[in-house]
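Contents: one structure, followed by commentary.
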Amino acid sequence: GQEIVSSELKKPLVPPSFNLSEYFKRFLFPQNECELHDFRLSFSQLKWDNWIVAPHRYNPRYCKGDCPRAVGHRYGSPVHTMVQNIIYEKLDSSVPRPSCVPAKYSPLSVLTIEPDGSIAYKEYEDMIATKCTCR
Amino acid sequence: CQASRGEAQIAASAELEPEAEPWSLLHPLDGRDRSGLLPPLFKILSDEREGIPRLQPDTRALRYMKRLYKAYATKEGIPKSNRSHLYNTVRLFTSCVQHKQVPVDQVPGIFPSLDLLFNLDRVSVLEHLLKSILLYTFKDSISFPSAVKCECDLVIKEPKSSSEAFPRAPNSFTFEFRKKHKWIELDVTTLLQPLVASNERSIHMSVNFTCVNDQLQPPSAQESPFNMSLLVPPSLLLYLNDTSAQAYHYKRRPSQSPDHKAHLSPYPTGQEAAQGRRSLRHRR
């Protein structure tokens, strides 16, 4: 077997056309996997800047992308998510695949002018998505 | 006054088209907790028609609130975590000056009494008062030749809803104007706590000042700040804890709380432990 081993060793480890980063993208981090995306808006675009004084820009962020099959380790999804995925793949494709949704949020402070002319500083819960998950 | 006239207009339009005024749906004054309601921020989203006409606030008050915003939140609007307070709402109300009793011979340093009315319709039942400040400022930024001591007598008039009609005993505050003085804050929390807690919709008070310079004489006419025209009628600041579902409730880490009241430590602190030992010995 020595000849085989030595000839094997002489072969290049990876095929010449192979690209490492391509490998990573395709297998470890597949394209458009479920992740957090930015969406920066200013309240003047919504014509609310006559009553929202601050902040000028607001980035609520959102979750988008496909949920991979092995969601447990990446997204902390419950086992139910994998069960739902198996049902979708093997039993009934009318059952939707797991969805990519926000798992954690952070608050937002807003300075507004009230209809009676008074001014209010308020802090609202759950206004900015900070983490995504598959459910 | 401006605010109540504005309210009257808005209320009138609300009568015409009940859905025209979504704000009142958001803070039900009758106390029923409709937690499913959208926060005011997005109620407008669902309302297609043009924004509701709103009264413009006083520019100095707006400048003060912008400064407060910068102190409490980052540029992106995230509440700063190094905070030492529990309130998640601060409301600034501009007073409707009822009238000024201007004395015939106006002496510099003695201000005529001001009758003030604050309309608190925006305060919802779920917002609990933690602190309240009367905020004075001057029309122009001025500097004083020397420190000046002032005494402010404040009388809270009985609310219309209560039976007694007599004004209460005056409460006195003393404070000092230093060189470059921009804002003067009078803590009126203890006076207003019962009124806000009983969900009073307006607060009526009369305020008058007397000031002496550090030689304990009324400041001379040259010390310009003390003629009435430069002092702006005060605004009322309410620091509130909004207990509704959509408000942000800051979870304070034990290591961050400065005052022990809020920091209910599971173990007695040093002096409490010493006290415990003493009472134990005393009992023995």
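If you're matching them up, the sequences are chains A and B in order. Using this note's numbering, read the first sequence as starting at 8 and increasing by one per residue. Using this note's numbering, read the second sequence as starting at 746 and increasing by one per residue. Ideal Cβ placement from N, Cα and C applies to all residues, glycine included.
In this structure, does DSSP put residue i in helix, strand or coil?
i                 : result
Val-108 (chain A) : strand
Lys-71 (chain A)  : strand
Ala-990 (chain B) : coil
His-44 (chain A)  : strand
Thr-819 (chain B) : coil
Val-102 (chain A) : coil
Asn-953 (chain B) : strand
Val-933 (chain B) : coil
Pro-947 (chain B) : The sequence given here has Ser at residue 947 (chain B), not Pro. Strand at Ser-947 (chain B).
Tyr-984 (chain B) : strand
Tyr-995 (chain B) : coil
Val-900 (chain B) : strand
Arg-64 (chain A)  : strand
Ser-826 (chain B) : coil
Leu-940 (chain B) : helix
Leu-27 (chain A)  : helix
Leu-800 (chain B) : coil
Leu-831 (chain B) : coil
Lys-97 (chain A)  : helix
Leu-115 (chain A) : strand
Lys-811 (chain B) : helix
Gln-52 (chain A)  : coil
Of all Cβ atoms in chain A, is any one closer than 8 Å to the Cβ of residue i?
i                 : result
Leu-774 (chain B) : Its pLDDT being 42, under 50, Leu-774 (chain B) is placed unreliably in this model, and the value from its coordinates should be taken loosely. No, its Cβ sits nowhere closer than 8 Å to a Cβ of chain A.
Arg-867 (chain B) : yes
Phe-838 (chain B) : yes
Pro-824 (chain B) : yes
Tyr-881 (chain B) : no
Asn-833 (chain B) : yes
Asn-745 (chain B) : With chain B represented from 746 up to 1029, any question about residue 745 (chain B) goes unanswered, as that position is not in the structure.
Leu-864 (chain B) : At residue 864 (chain B) the sequence reads Asn, which differs from the Leu that was named. By this cut-off, Asn-864 (chain B) is an interface position.
Ala-992 (chain B) : yes
Does chain B have any CB closer than 8 Å to the CB of residue i?
i                 : result
Pro-62 (chain A)  : yes
Asp-123 (chain A) : yes
Leu-115 (chain A) : yes
Leu-48 (chain A)  : no
Leu-118 (chain A) : yes
Thr-140 (chain A) : no
Ala-127 (chain A) : yes
Tyr-82 (chain A)  : no
Glu-42 (chain A)  : no
Glu-96 (chain A)  : no
Tyr-69 (chain A)  : no
Asn-66 (chain A)  : yes
Glu-15 (chain A)  : no
Can you tell which of the options has its C-alpha closest to the C-alpha of residue i?
i                 : options                                       : result
Pro-939 (chain B) : B:Val-957, B:His-873, B:Thr-988 and B:Glu-921 : B:His-873
Tyr-95 (chain A)  : A:Ala-110, A:Cys-74 and A:Asp-56              : A:Cys-74
Phe-920 (chain B) : B:Trp-928, B:Cys-895 and B:Ala-990            : B:Cys-895
Arg-76 (chain A)  : A:Glu-132, A:Met-89 and A:Ile-120             : A:Met-89
Phe-46 (chain A)  : A:Cys-70, A:Asn-26 and A:Ser-28               : A:Cys-70
Thr-955 (chain B) : B:Trp-928, B:Ser-917 and B:Ala-818            : B:Ser-917
Lys-876 (chain B) : B:Leu-931, B:Lys-902 and B:Val-870            : B:Leu-931
Val-952 (chain B) : B:Ser-840, B:Tyr-809, B:Glu-821 and B:Leu-859 : B:Leu-859
Leu-807 (chain B) : A:His-44, A:Val-108, A:Ser-125 and A:Ser-84   : A:Ser-125
Ser-106 (chain A) : A:Ser-84, A:Lys-17, A:Leu-53 and A:Asn-57     : A:Ser-84
Cys-841 (chain B) : B:Asn-864, B:His-830 and B:Pro-915            : B:Asn-864
Ser-826 (chain B) : A:Ser-116, A:Lys-97 and A:Gln-38              : A:Ser-116
Asn-65 (chain A)  : A:Phe-50, A:Ile-93 and A:Trp-55               : Here residue 65 (chain A) is Tyr; the residue named in the question, Asn, does not match the sequence. Here the closest residue by C-alpha is A:Phe-50.
Asp-898 (chain B) : B:Thr-882, B:Pro-915, B:Lys-884 and B:Ala-892 : B:Pro-915
Lys-138 (chain A) : A:Lys-17, A:Leu-98, A:Glu-10 and A:Cys-41     : A:Cys-41
State the start and end residues of the unbroken beta strand (DSSP E) segment that holds residue i.
i                 : result
Asn-864 (chain B) : 858-864
Ala-892 (chain B) : No beta strand (DSSP E) holds Ala-892 (chain B); DSSP gives it neither H nor E.
Leu-875 (chain B) : 872-883
Val-90 (chain A)  : Premise fails: Val-90 (chain A) lies in the alpha helix (DSSP H), 86-93, not in any beta strand (DSSP E).
Val-60 (chain A)  : 59-61
How far does the alpha helix (DSSP H) with residue i in it reach, from first residue to last?
i                 : result
Val-835 (chain B) : Careful: Val-835 (chain B) lies outside any alpha helix (DSSP H), inside the beta strand (DSSP E) at 834-839.
Ser-121 (chain A) : First, the residue type needs correcting, since residue 121 (chain A) is Glu and not Ser in the sequence shown. Looking at the DSSP string, Glu-121 (chain A) is not in any alpha helix (DSSP H), and its letter there is neither H nor E.
Gln-9 (chain A)   : 9-17
_Proximal residues, the segment 102-113 of chain A versus chain B, C-beta separation under 8 Å_ = If the cut-off is 8 Å between Cβ atoms, the segment 102-113 of chain A has Ser-113 near chain B.
*When Cβ atoms are compared, which residues of the segment 800-822 of chain B fall closer than 9 Å to chain A?*
Leu-800, Gln-801, Pro-802, Asp-803, Ala-806, Leu-807, Tyr-809, Met-810, Lys-811, Leu-813, Tyr-814, Lys-815, Tyr-817, Ala-818, Thr-819, Lys-820, Glu-821 and Gly-822
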